[in-house]
Amino acid sequence: MSDTHHEDVQSHVKTYIKVFVALAVGTLVTVLASNIHLGIVLGIIVALVIATVKGSLVAGFFMHLSAERKIIYWVLVLTAVFVVVMVGLIMFTRQDQQGRQQGIFAVPQGHVPAHLAE
Amino acid sequence: MSTAIEIPYNSTERPDTGLYNAKLGVWLFLASEVMLFGALFSTYVLLRTGADTWENGAKIGLSIPLATINTLVLIISSVTMVMSWASLKIKNFSRYKLYMGVTILCGAIFLVIKGFEYAHKFENGIWPSTSTFMAIYFTMTGLHGLHVIGGLIVNSYLWGPGSKMWKTDPERFTNRIEVAGLYWHFVDLVWIFLFPTLYLLPGK
Amino acid sequence: MTEAHHHEEHHDELPFWRHYIFSTDHKIIGIQYGLTALVFLFFGFCLMLLMRWQLAYPGKPLPIAFLTKMLGESRMPGGVMAPEFYNQLGAMHGTIMVFLGVVPLAVGAFGNYLVPLQIGAQDMAFPKLNMSSYWVYFIGGVVMFCSFFVSGGSAQSGWTSYPPLSVITPQSHSLFTGQSLWLTGMVFLITSSLLGSVNTITTIIQLRAKGLMWMRLPFFVWAQLVTGFLLLLAFPPLEAAGVMQLMDRMAGTSFFLPTGLVVGGKALNVSGGGSALLWQHLFWFLAHPEVYVLILPAMGIVAEVIANNTRKPLWGYKSLVYSVIFLGFMSFVVWAHHMFLTGMGTAINAFFQTTTMIISIPSIIILTALILSLWGGSIRFNVPMLFALAFLPMFGIGGLTGLPLGLASADIHLHDTYYVIGHFHYVVAPGTLFALFAGIYYWFPKVSGKQLNEFLGKLHFWGSLVFMNGIFMPMFIVGMAGVSRRLYDGGTSYLHAQNVLYLNKVMSHSAWGLGIIQLIFIVNFFWTLFAGRKVTSDNPWEATTLEWATPTPPPHGNFLKVPEVYRGPYEYSVPGAEKDFLPQNEPDKKPGDLNNRGKK
């Protein structure tokens, strides 16, 4: 891969500029969205979705992931699985707060033994 | 019995994997970094869901304007980083120097702004020990900041003394810039998630 | 194909410090890792020998005067072990054995030395990075060692460092406390591992010789590949957690400190709001894959030694490969079986119990394949083979005793008892360590050009086998009788344990016996190095894998001619062949040969 034609790189450069504009816009959108009172759940979802889109643009175009080799994809997919496992399973273990209506995975009413309920 | 060792696929790609060594190496490293920051994000989630109240960043004293500027600064540096690599691909060394220089400058600006933010907090008696929010804020941005510093050091080396390799082994040098770029983009990517998580998410 | 090469000075002409101290040659780095790890293994073992005095003779002064004097009044007041010192010994024994001993030996030494050789490469993919990994490990080791000598002594909250205890012991913002130095040391060790794993994985994927397809890799290389991924992806969460615990200790944060914590009658002056369980999750997220890091290279070594000494191919090569990959993956989703008693709730307990049961399947497949490999073999009972054979039932016991621990309800009785200690030591001590000994005896001639003495080796083997069982088998009994682990008095104050207390003496005497037996190995090791008889062949075991196709010891660059691979790794006793083994790099003699069976 030693002789890269100028035209190839030129078209790449055009893409980079477009991605930059998208990222800048995305940044402004996410800041503006945070000023709107969407409530907790929707607020989190919107912020994370925008961040994911921006992140995918950086990964896909700046890091050339959209044209990368299979092996790299597999390593990243494996990593993503483990991140989800780590974050997700840890969240689900919050029942150490048994008896208190805490957090997003609170113990539902009726499942708490009487002598533990507050 | 002593031979100069030549490690294959340092600059050229291995046919069946399509990769040169350092590219695989850096992606593996980035995978481990994903796990590192992922652990911090899961800490954020656990601390937040376990807390009675959790303030929105701005209400606690974080400056959204400064952080927004920092986000744009990093995004710009990402563009200039990939442009510096593209310049080498078309054999334009002086363009490379220009773009890499801007990348380094942007990184430095990011750190200066971060420094202001930290100093402002310390002046107002806000420390990591103040609350779990501040603890995770300082730890996440601090670790991210250390990664920015590391990237700055590498990029400065590649801009300065390291750029001599352009004359002796241009392909290998170009690959080095690509690899450094992958790391730098990752640093930007982490910030893209840190920024909304710490500064923008609504409180409870 | 690039024309520019890095003009490296001729390796022979490098000054001593660059040839032997700051070398980038994987073989020298492997030896550095090996020697350093063996020293730490010995040191960690000695810590245990000291602990076992207190367990066998609680409250009695140590009858070794010079040792008592060396340790000093604060550690051994009146010759009797102080409880805090007992805790330090316990925490550091575990830490040193796992992170400074076994992993650097299994991965840093064996992995670094053998992987490039077995895949036909000249070195690792990133030689300078390799050198850095070793020195970062070395610094981590020094930091850990120095932690004994700061005020308050070393870390003393178990190798698991659970908060809040680990955060408040002692309450100090200083970096120079045992626990803070432990955390710092861990950051160095984790960094070393990460750099090493990037190197190993890249090397195996990118630098395989021509003809070395995936299914022709020696099982040892597959084991190292999976181990590399475990280290790469599982260590970072512990690094994050380590930083957070350091912040809790030094910056007054409350990542792991819950609200309302009272220490010594005084409420702690911290923000609170943290979670002690967060540490446990992040710690065990690493520490469970870590135990597979401890066992996988060992399985790899045993596989090589068994194939070679049965003179037949391994049974179920494909099963071994798929099992080790599946095992590696599953190891990431079982961690909370270390936390069954923390109140996570029955649903989550059931989830982790299920994954834990599932993970035993690939483990059993691997063990079974290795056992079945013996059937119909022409077994040579040399020292490496003795250790490899003993590995099988010892690992079997270790694995089977893990099953009740993996079942949440049984674990209620067994958690944090000596049963657990017995379980994991069986896997690591007469398990992994025996495999590592097998490896040392097996590859010693290639590394040094000399062969370890067979008679001394057999003494070492039999003595170790007897004493290992003497130490660890009673632990199941003591544990089931309800004696908790980490008890300073070994259970003396437990009414329900009175009739098993005598076993403490059995275990301690066995431990001291084991120590004496290791002296035989140490003598053999050094005597052979300096005065042993030279091997006459580059391939004294008549093995098939590529590391034996080099001069002895291999020079810088390893192979005189870049090897090409023509067949799988265990072509022993091939019908119709001249010899009972066909090296991987030997070309086929004639076309249409029986050797050329068209297998992948």
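Going line by line, the protein sequences match chains A, B and C. Going by the working numbering, the letters in the first sequence line up with residues 9 to 126, in that order. Going by the working numbering, the letters in the second sequence line up with residues 74 to 277, in that order. Going by the working numbering, the letters in the third sequence line up with residues 474 to 1073, in that order. C-beta atoms are modelled at their ideal positions from N, C-alpha and C, and glycine is treated no differently. For clarity, every value in this text was computed on a predicted model and none was experimentally measured.
Chain C within 8 Å of residue i, Cβ atoms only
i	result
Val93 (chain A)	yes
Thr7 (chain A)	For residue 7 (chain A) there is no data in the structure shown, the boundaries of chain A being 9 and 126.
Ala204 (chain B)	The amino acid occupying residue 204 (chain B) in the given sequence is Ser; Ala does not appear at that position. True, the Cβ-Cβ gap to chain C drops below 8 Å.
Tyr191 (chain B)	no
Arg168 (chain B)	no
Thr141 (chain B)	no
Met74 (chain B)	Its pLDDT being 38, under 50, Met74 (chain B) is placed unreliably in this model, and the value from its coordinates should be taken loosely. Yes - at least one Cβ of chain C is within 8 Å of the one on Met74 (chain B).
Proximity test, Cβ basis, 8 Å: residue i and chain B
i	result
Gly927 (chain C)	Before going further, note that residue 927 (chain C) is Glu rather than Gly in the sequence given. Chain B contact via Cβ: absent.
Ser42 (chain A)	yes
Phe100 (chain A)	no
Val57 (chain A)	no
Val132 (chain A)	Nothing about residue 132 (chain A) can be read from this structure; chain A reaches only from 9 to 126.
Gly68 (chain A)	no
Lys62 (chain A)	yes
Ala32 (chain A)	yes
Leu755 (chain C)	yes
Asn1069 (chain C)	Only weak support exists for where Asn1069 (chain C) lies, its pLDDT of 49 falling under 50; the value from the coordinates is given anyway. False, the Cβ-Cβ gap to chain B never drops below 8 Å.
Between the CA atoms of residue j and residue i - distance to the nearest angstrom
i	j	result
Gln753 (chain C)	Tyr24 (chain A)	43 Å
Gly545 (chain C)	Pro536 (chain C)	14 Å
Ser236 (chain B)	Trp695 (chain C)	38 Å
Leu511 (chain C)	Ile501 (chain C)	15 Å
Val263 (chain B)	Leu97 (chain B)	20 Å
Pro903 (chain C)	Gly218 (chain B)	45 Å
Leu887 (chain C)	Val806 (chain C)	22 Å
Met867 (chain C)	Leu840 (chain C)	11 Å
Thr475 (chain C)	Asp242 (chain B)	Summary for Thr475 (chain C): the model assigns pLDDT 38, below 50, so the residue's position carries little reliability, and this model does not support an answer.
Ser744 (chain C)	Phe897 (chain C)	38 Å
Asn143 (chain B)	Leu274 (chain B)	17 Å
Asp1053 (chain C)	Leu84 (chain A)	44 Å
Lys78 (chain A)	Trp100 (chain B)	12 Å
Pro1060 (chain C)	Pro1036 (chain C)	10 Å
Where residue i meets chain B, residues with beta-carbon distance less than 7 Å
i	result
Thr675 (chain C)	Asn94, Leu97, Gly98, Leu101
Gly51 (chain A)	Leu274, Pro275
Test: residue i CB closer than 8 Å to a CB of chain A
i	result
Gly91 (chain B)	yes
Pro275 (chain B)	yes
Met173 (chain B)	no
Asn1058 (chain C)	no
Leu706 (chain C)	yes
Met474 (chain C)	Residue placement at Met474 (chain C) is poorly supported in this model, since its pLDDT is 37, which falls under 50; the coordinates are not used for a value here.
Met554 (chain C)	no
Met941 (chain C)	no
Chain B residues whose Cβ lies nearer than 9 Å to that of residue i
i	result
Ile79 (chain A)	Thr90, Gly91, Leu92, Leu97, Trp100
Exposure label - residue i; buried when at least 16 CB within 10 Å
i	result
Pro1048 (chain C)	exposed
Arg681 (chain C)	buried
Trp935 (chain C)	exposed
Pro550 (chain C)	exposed
Arg722 (chain C)	buried
Gln1074 (chain C)	Any answer about residue 1074 (chain C) is impossible in this case: the structure gives chain C only from 474 up to 1073.
Pro234 (chain B)	exposed
Gly930 (chain C)	buried
Proximal chain A residues relative to residue i, where beta-carbon distance stays under 7 Å
i	result
Phe426 (chain C)	With chain C represented from 474 up to 1073, any question about residue 426 (chain C) goes unanswered, as that position is not in the structure.
Asp261 (chain B)	Val66
Pro636 (chain C)	None at all; the shortest Cβ gap to chain A is about 15 Å.
Thr144 (chain B)	Thr35
Pro710 (chain C)	Met94
Proximal residues of chain C, C-beta to C-beta of residue i below 9 Å
i	result
Tyr82 (chain B)	Ala598, Gln679, Leu680
Contact set between residue i and chain D, taken where Cβ atoms lie within less than 7 Å
i	result
Phe90 (chain A)	Absent from the structure is chain D; the protein chains it does hold are A, B and C.
Partners in chain A for residue i, counting only beta-carbon separations shorter than 8 Å
i	result
Met156 (chain B)	Val21, Tyr24
7 Å Cβ cut-off: residues of chain C touching residue i
i	result
Gly123 (chain B)	Ser748
> Can we say the segment 864 to 880 of chain C touches the segment 722 to 740 of chain C, given the rule of at least three CB pairs closer than 8 Å?
Replying inline: no
> Is the segment 566 to 584 of chain C close to the segment 520 to 527 of chain C, with three or more CB pairs under 8 Å?
Replying inline: yes
> Is the segment 699 to 718 of chain C touching the segment 89 to 105 of chain B in the sense that three or more CB pairs, one from each, lie closer than 8 Å?
Replying inline: yes
>> For the structure I just gave you, are there three or more beta carbon pairs, one from the segment 1011 to 1022 of chain C and one from the segment 974 to 988 of chain C, closer than 8 Å?
In response: no
>> Would the segment 954 to 968 of chain C count as touching the segment 553 to 562 of chain C if we require 3 or more Cβ pairs under 8 Å?
In response: yes
> Any contact of the segment 245 to 261 of chain B with the segment 47 to 59 of chain A, i.e. 3+ C-beta pairs under 8 Å?
Replying inline: no
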